[in-house]
Amino acid sequence: MTEELYPFLSARRSEVDTLAQVAESTREKIRDAIALRERVFDADSARLADCAEAMAERFARGGRLLAFGNGGSSTDAQDLASLFVSATHPLPAIGLTNDIAVITALSNDVGFDVVFSRQIATFGRTGDIAVGLSTSGSSANLGPAFAEARRRGLLTIGFAGGDGGAMAASRDIDHLFVVPSSSVHRIQETQTTLYHVLWELTLELL
């Protein structure tokens, strides 16, 4: 099985052949990552600018950013929040996966599908910003979170992969950025680039 997945690790291959295959595999991944980013930014550059303008308006009026996601997307949500908090001129941002006691309490006592919507209901105010990230676009706890954010008058922003999943069909997301790939790795890499650009644009507008 290992040889089928990683043929360049086979003991029957010379060290030179192995290194050459690893190098070519790396170059191929880099080419794929660059091409995907170019495709996404060609399609979404104008919408990124519009989204950044909407975010800047909210921040200028005292709004806060609430970011959320599951698994690797939870670390991206925390990274996004930390970018705004640690900027030269800090802006209020919270990662909704930061408080493990809240996450586990809601998961255990109510259900995992409400871990973000309950927090948005508690902390979210009209004029705030809700940003949800998912590689599939169909995370069960993101839909209720966006719906709650919409009810409370938050600006809603989503990052998804593939065909956008359930997020693409949602009417509760103001700005949705979809990375058209089936690779979780390429999706998360491109989403990271997207939200870093969004962060920089927002700061420039402020």
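Using UniProt numbering, the first residue of the sequence shown is number 1, and each one after it goes up by one. Every residue, glycine too, gets a C-beta built ideally from N, C-alpha and C.
Rounded C-alpha distance that separates residue i from residue j
i, j, result
"SER117", "LEU142", "8 Å"
"GLY95", "TRP199", "15 Å"
"ALA147", "ILE34", "34 Å"
"THR75", "LYS29", "22 Å"
"VAL197", "GLY111", "34 Å"
"ALA46", "LEU36", "17 Å"
"ALA23", "ARG31", "12 Å"
"ARG58", "GLN78", "20 Å"
"CYS51", "VAL115", "25 Å"
Spatial neighbours of residue i in its chain, beta-carbon cut-off 6 Å, leaving aside the 5 residues before and after
i, result
"GLY153", "THR126"
"ALA56", "THR202, LEU205, LEU206"
Secondary structure of residue i, DSSP reduced to three states
i, result
"HIS89", "coil"
"ILE100", "helix"
"THR156", "strand"
"PHE116", "coil"
Sequence-distant residues of its chain with Cβ nearer than 7 Å to residue i (five each side left out)
i, result
"SER182", "GLY162"
"ALA169", "none"
"GLY63", "GLY127, ASP128, ILE129"
"GLN191", "ASP76, LEU133, PHE159, VAL179"
"THR97", "PHE68, SER74, ALA77, GLN78, ILE103"
Assumed close pair residue i, residue j - CB separation to whole angstroms, cut-off 8 Å
i, j, result
"LEU80", "ALA60", "About 19 Å; that fails the 8 Å criterion."
"LEU203", "ALA49", "Their Cβ separation, rounded to whole angstroms, is 13 Å, which puts LEU203 and ALA49 out of contact at 8 Å."
"ALA140", "ASP113", "5 Å"
Contact set for residue i: own chain, Cβ-Cβ below 8 Å, skip 5 residues either direction
i, result
"PRO90", "PHE84"
"GLY72", "THR135, VAL184, GLN188"
"GLY124", "LEU66, ALA130, GLU148, ALA149, ARG152, LEU154"
is_contact[residue i, chain C] using C-beta, thresh 8 Å
i, result
"ALA35", "The structure shown contains no chain C; it holds only a single protein chain."
Item to check | Cβ contact check for the stretch 128-141 and the stretch 153-163: 3 or more pairs under 8 Å | outcome: yes
Item to check | Contact the stretch 99-108 vs the stretch 28-43: 3+ CB pairs below 8 Å | outcome: no
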